[in-house]
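First comes the structure, then the notes that go with it.
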Amino acid sequence: MKDEIASKIYVNLSRCEKGHDSCTEYSSMLHDMVHGHMLYDTVDFVLYQKDVPEIDLLSEVSPYLTNRRDCIGEGGSSYVCGEYKGYKVYVNDKMLKINTCSLCKYYYGTNMHDFPLEDVRKAIEGIGEDLNIPMDKVTVTRLDLAEDWELQRSPIEYFNRMLDLPYFRRLSYPTGITFQTAEKELSFYDKGKEQGSNNKNIARCEFRIKKVRKYFGKSVTASMLYDPSFWNDLLDRFLSCYSKVKVSKESLPLDKIDGIKSFQDCILCHWVNRKGFDPLKSELNAFVRDGGLTQRNYKSIIGKIKRCCFSSQGKDVGPEMEEFDVKFRSFLKLKRFD
């Protein structure tokens, strides 16, 4: 029943015009049904000395750091490492780096909290005030956008059916999966288990941009993070990347099988869904190493599996993956500034 409601809400949200009463009504219904959070998670910053000649970053920032270490680098140059409210800080005579912390956790003390853009602004301005640096000159080097919400089943059941993302490397681990390139990542994992909430099926989805300037083709400043147009663009990029994920098709029920080919395809899809694509590839690779299968036949089998068993999100995937897809898309749409 929830899936039917979610589908209706998503359709109506898609048709909503700005300011229309029904848009507000369906947005409220979705918000009540999908309890989740949308936030900036890990955000890394850099400020170059050349951009603030009026400030000596090394002497200005160092006094505000905890666990401070004054060091001498190669060539005798001085640098300081320390911490600031969860962030790792490195500063020398050329740059200031503020890294490896969740911006949401910095502000709220947790990274499971909705993060309105007004609070994003306050968080960024707070960093500037505490360290006495101009945040309008600070650029972003890494940017993670995250969302989480509850599912009806264990999140790993959904993630195991996410088989491929073109041009990305797929990595799997006990609580989730990550699609990875040198520039960006799309990651899905069981946030409930990470938080120790084993009785809650909380899925976490993260879009991680590891090389911000290269990805956007321009510098992203700290102040852009609370600009609604930048936020909407980031949500669109998140959705675009997610939409390219290939998932395993649902096995056909017997009454839908109309011949030998559909029967063979059904058996193959059932086999892939039961074993998982990664374990299946590992077994086939072992056969290749042992000489029981040629590399050519291996590629032929993998190609057949992808043609037969892979589907775009929302197509022939069954009610479980439809639930995930509807919630993902609807929640992103709800968080837009339109």
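Be aware that the sequence shown starts at 1, since it is given in our numbering, and climbs by one per residue. Glycine included, C-beta positions come from ideal geometry on N, C-alpha and C. Since we're looking at a predicted model, the values are computed, not measured.
Inset, instruction - Could you pull the start and end residues of the alpha helix (DSSP H) that R289 belongs to? - result: From DSSP, the alpha helix (DSSP H) with R289 extends over 277-289.
Legend entry - Those runs of the beta strand (DSSP E) which lie wholly inside the region 32-56 and span at least 3 residues: You should have 36-48.
Inset, instruction - Work out the CA separation of A203 and R153 for me, nearest whole Å. - result: Answer to the nearest angstrom: the Cα atoms are 10 Å apart.
Legend entry - DSSP state of E322 mapped onto helix, strand, coil: DSSP places E322 in helix when its eight states are reduced to three.
Legend entry - Three-state secondary structure assigned by DSSP to K335: K335 falls in the coil class under three-state DSSP.
Legend entry - K18, buried or exposed, once every other Cβ within 10 Å from all chains shown has been counted against 16: Bear in mind that the predicted position of K18 carries a pLDDT of just 45, short of 50, making it unreliable; the figure below should be weighed with that in mind. Burial check for K18: the Cβ neighbour count within 10 Å stays below 16, so the residue is exposed.
Legend entry - Check whether Y79 and N92 have beta carbons under 9 Å apart: Contact check for Y79 against N92 passes: the beta carbons are separated by less than 9 Å.
Inset, instruction - Below 8 Å on the Cβ atoms is my guess for N273 versus R161; work out the distance and round it to an integer in Å. - result: Yes, N273 and R161 are in contact; Cβ-Cβ is about 7 Å, under 8 Å.
Inset, instruction - Determine the direct distance from the alpha carbon of E83 to that of C71, and round the result to whole angstroms. - result: Rounded to whole angstroms, C71 to E83 spans 15 Å at the Cα level.
Inset, instruction - Would you kindly work out how many angstroms separate the C-alpha atoms of D265 and S300, rounded to a whole number? - result: Computed Cα separation, rounded: 15 Å.
Inset, instruction - Could you name the residues that DSSP lists as bridge partners for C81? - result: DSSP lists R69, Y90 as partners of C81.
Inset, instruction - Along the beta strand (DSSP E) that carries I98, what are the first and last residues, could you check? - result: First-last of the beta strand (DSSP E) with I98: 95-99.
Legend entry - N- and C-terminal bounds of the beta strand (DSSP E) containing E194: For E194, there is no enclosing beta strand (DSSP E); the enclosing alpha helix (DSSP H) has its first and last residue at 191-194.
Legend entry - Proximity test, Cβ basis, 9 Å: S248 and chain B: Looking at the structure shown, chain B is missing, and only one protein chain is on hand.
Inset, instruction - Work out the CA separation of C101 and G86 for me, nearest whole Å. - result: One C-alpha to the other measures close to 6 Å.
Inset, instruction - Please report how far the alpha carbon of Y10 lies from the alpha carbon of L131, in whole angstroms. - result: Only weak support is given to the placement of Y10: the predicted model assigns it a pLDDT of 46, under 50, and the value that follows is read from those uncertain coordinates. Distance between the alpha carbons of Y10 and L131 is about 44 Å.
Inset, instruction - Please name the residue in K191, K184, I156 whose C-alpha comes closest to that of S172. - result: That would be I156, whose Cα lies nearest to the Cα of S172.
Legend entry - Distance between I133 and V52 (C-alpha atoms, nearest Å): Their backbone Cα atoms lie some 9 Å apart in a straight line.
Inset, instruction - On a CA-only basis, which of T294, S311, F159, K210 is nearest Q180? Give me that one, please. - result: Its Cα nearest to that of Q180, the residue K210 stands out among T294, S311, F159, K210.
Legend entry - Assigned secondary structure, S154 (DSSP; H/G/I helix, E/B strand, else coil): S154 carries a coil assignment under DSSP once its states are collapsed to helix, strand and coil.
Inset, instruction - Write down the C-beta distance between D41 and C104 rounded to the nearest angstrom, noting that I regard them as a contact closer than 8 Å. - result: The Cβ separation is near 6 Å, so the contact holds.
Inset, instruction - Pick out the complete alpha helix (DSSP H) segments inside the region 106-183, 4 residues or longer, and give them in chain order. - result: DSSP runs (the alpha helix (DSSP H)) wholly in the region 106-183: 117-131, 155-159.
Legend entry - Whole-number beta carbon distance between T221 and V89, since they are thought to touch under 8 Å: Contact between V89 and T221 is absent: CB atoms are separated by about 19 Å, not below the 8 Å threshold.
Inset, instruction - Check each candidate in N111, S223, L186, V247 and name the one with the smallest Cα separation from L235. - result: Looking at the Cα atoms, L186 is the closest of the given residues.
Inset, instruction - Put I209 into one of helix, strand or coil per three-state DSSP. - result: In the structure shown, I209 sits in a strand (DSSP, three-state: E or B).
Inset, instruction - Give the straight-line distance between the Cα atoms of S22 and F331, rounded to the nearest whole angstrom. - result: With a pLDDT of 46 at S22, under the threshold of 50, the predicted position of this residue should be treated as unreliable, and no value is reported.
Legend entry - Straight-line Cα distance separating K244 from D258: Each residue's alpha carbon lies about 30 Å from the other.
Legend entry - Contact the region 109-128 vs the region 48-67: 3+ CB pairs below 8 Å: Touching, no.
Legend entry - Member of L143, R336, L96 whose CA lies at the smallest distance from the CA of F207: Per the C-alpha coordinates, the member of L143, R336, L96 positioned closest to F207 is L143.
Inset, instruction - Mind checking which residues open and close the alpha helix (DSSP H) that includes K200? - result: No alpha helix (DSSP H) contains K200, which DSSP labels as neither H nor E.
Inset, instruction - Confirm, please, whether the CB-CB distance from K200 to E250 is below 9 Å. - result: 9 Å or more divides the Cβ of E250 from the Cβ of K200.
Inset, instruction - Would you tell me roughly how many angstroms separate the C-alpha atoms of Y106 and E323, rounded to the nearest one? - result: Between Y106 and E323, the C-alpha separation is close to 32 Å.
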